[in-house]
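A.B. asks:
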Amino acid sequence: MWVSAMRIYNGNNPCAEPWTKGEGEAALTRFYYDALQRKCLAFNYFGTKGNQNNFLTRESCETSCPVWINPCAIGQPTLTSDQHPFRCHQGAPCSSGYYCHIGFDESTTACCPSQGDPCSLIVKEGRGTQSIQRWFYNQKTRQCQPFTYKALPNPCTAPPRNPGEGPFHATRWAFDGSTRKCVPFEYRGLRGNANNFLTREDCERRCPGSDPCSQPLDRGVGSAGLQRWYWNPQAKSCMAFRFTILTLLMNMGALHR
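My numbering applies: residue 292 is where the sequence shown begins, and numbers increase by one.
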């Protein structure tokens, strides 16, 4: 016996049964649960036979079966034991390979895959200064091949101001790599990407601000002479200089190369 909040069934879970029109000459509007879309949809029931995936109203279908909106841009969210999305928050983080998609409200907040199905994605070298040897699956050759990966997944490097999809209107913050600032944008509640923060403080805490390597060298003013290092963008290397005061900018605070 299978029990829902509204009905008691004999046999299998009706939400797991396939949709069928039944037999007969009637044309009755009923609702069935589509497990792939996780939605309750209308259909014409012919009046006899069929199965238990057959509800008089949309409300009774949605009460009996796990209906929810998938907010993830790629793949499916992490599910709980009752087959509903796991609602992540600061005290309940997502597992490895997932990030906390902060939706418009609790119903659209879930742990979404960071990359979805890795075998179906196009290989990307990433962005950054580190070079790490990794492997990717080539769908054309159906083989795993090596490539050089230049960065680790970072929400700060995802395209900023991705509005996502949906009917909602929420103010969020994203890190703009071109200006190296956190900027507001309108989020529609679903999908989008991980470069999506509830507050400016959250964004600035997670993503770097002004790039110290882009600041000009400041030798300071004073008589004390201390050796320090700074980044020379023309030479593309760290170079030594004589620092003559304790007050310093970020691009002359390195004690070591």
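Note that the Cβ used here is the ideal one computed from N, Cα and C, for glycine as well. Quantities reported herein were computed from a predicted structural model and do not represent experimental measurements.
With 16 other CB atoms within 10 Å as the buried threshold, where does Pro458 fall?
C.D. replies: For this step, residue 458 is matched to residue 167 along the sequence shown. So Pro458 ends up on the exposed side.
A.B. asks: For the beta strand (DSSP E) containing Ser528, list its first residue and its last residue.
C.D. replies: Here residue 528 refers to the residue found at position 237 of the sequence shown. Looking at the DSSP string, the run of the beta strand (DSSP E) that includes Ser528 is Ser528 to Phe534.
A.B. asks: What are the partner residues of Gln525, as DSSP defines its beta bridges?
C.D. replies: Along the sequence shown, one-based indexing puts residue 525 at 234. Looking at the DSSP assignment, Gln525 forms no beta bridge with any residue, so it has no partner.
A.B. asks: Counting C-beta neighbours from all protein chains within 10 Å, is the total for Arg519 16 or more, i.e. buried, or is it exposed?
C.D. replies: Reading the sequence shown from its first residue, position 228 is the one you call residue 519. Arg519 comes out buried.
A.B. asks: Indicate the three-state DSSP secondary structure (helix, strand or coil) for Glu314 in the structure shown.
C.D. replies: Taking the first residue of the sequence shown as 1, we reach residue 314 at position 23. Here Glu314 sits in strand by DSSP.
A.B. asks: Taking the continuous beta strand (DSSP E) assigned at Glu477, which residues delimit it?
C.D. replies: To locate residue 477, count along the sequence shown from 1; it is residue 186. Looking at the DSSP string, the run of the beta strand (DSSP E) that includes Glu477 is Lys472 to Tyr478.
A.B. asks: Kindly indicate which three-state DSSP category Pro437 falls into: helix, strand or coil?
C.D. replies: The residue labelled residue 437 in the question sits at position 146 within the sequence shown. DSSP places Pro437 in strand when its eight states are reduced to three.
A.B. asks: Just to check my reading of the structure: Gly468 and Ala364 have Cβ atoms closer than 8 Å, yes? What is that Cβ distance to the nearest angstrom?
C.D. replies: Working through the sequence shown from its first residue, we reach residue 468 at position 177. Working through the sequence shown from its first residue, we reach residue 364 at position 73. Wrong, their Cβ atoms sit about 19 Å apart, outside the cutoff.
A.B. asks: Do Trp359 and His375 have their beta-carbon atoms positioned less than 8 Å apart in this structure?
C.D. replies: Position 84 of the sequence shown holds residue 375. Position 68 of the sequence shown holds residue 359. Contact flag set, yes.
A.B. asks: Under a Cβ-count criterion, where at least 16 other Cβ atoms within 10 Å of its own Cβ denotes burial, should Trp426 be classed as buried or exposed?
C.D. replies: In the sequence shown, residue 426 corresponds to position 135, counting from 1. Under this definition Trp426 is an exposed residue.
A.B. asks: Would you mind reading off the limits of the beta strand (DSSP E) that contains Cys402?
C.D. replies: Counting from 1 along the sequence shown, the entry for residue 402 is found at position 111. That run of the beta strand (DSSP E) goes Ala401 to Pro404.
A.B. asks: Using a Cβ-Cβ cut-off of 6 Å (strictly less than) and excluding sequence neighbours within five positions of Gly313, which residues of its own chain qualify?
C.D. replies: Position 22 of the sequence shown, counted from the start, is the residue given in the question as residue 313. So the list reads Tyr336, Phe337, Thr339, Lys340 and Gly341, once near-sequence residues are dropped.
A.B. asks: Since Thr354 is in the beta strand (DSSP E), which residue starts that stretch and which ends it?
C.D. replies: The residue given as residue 354 occupies position 63 in the sequence shown. Run containing Thr354: none in the beta strand (DSSP E); it sits in the alpha helix (DSSP H), Arg349 to Ser355.
A.B. asks: Under 8 Å between the Cβ atoms of Thr399 and Leu481?
C.D. replies: Within the sequence shown, the letter at position 108 stands for residue 399. Within the sequence shown, the letter at position 190 stands for residue 481. It is a contact, given that the beta carbons lie within the stated cut-off.
A.B. asks: Look at the alpha carbon of Pro362 and the alpha carbon of Pro446, and state the distance between them as a whole number of angstroms.
C.D. replies: In the sequence shown, the residue the question calls residue 362 occupies position 71. In the sequence shown, the residue the question calls residue 446 occupies position 155. Distance between the alpha carbons of Pro362 and Pro446 is about 17 Å.
A.B. asks: When the Cα of Glu416 is compared with those of Gln430, Phe438 and Ala307, which residue comes out closest?
C.D. replies: Along the sequence shown, one-based indexing puts residue 416 at 125. Here the closest residue by C-alpha is Phe438.
A.B. asks: Determine the contact status of Arg496 and Phe532, defining contact as a CB-CB distance below 8 Å.
C.D. replies: Residue mapping note: residue 496 aligns to position 205 of the sequence shown, counting from 1. Residue mapping note: residue 532 aligns to position 241 of the sequence shown, counting from 1. Contact: no.
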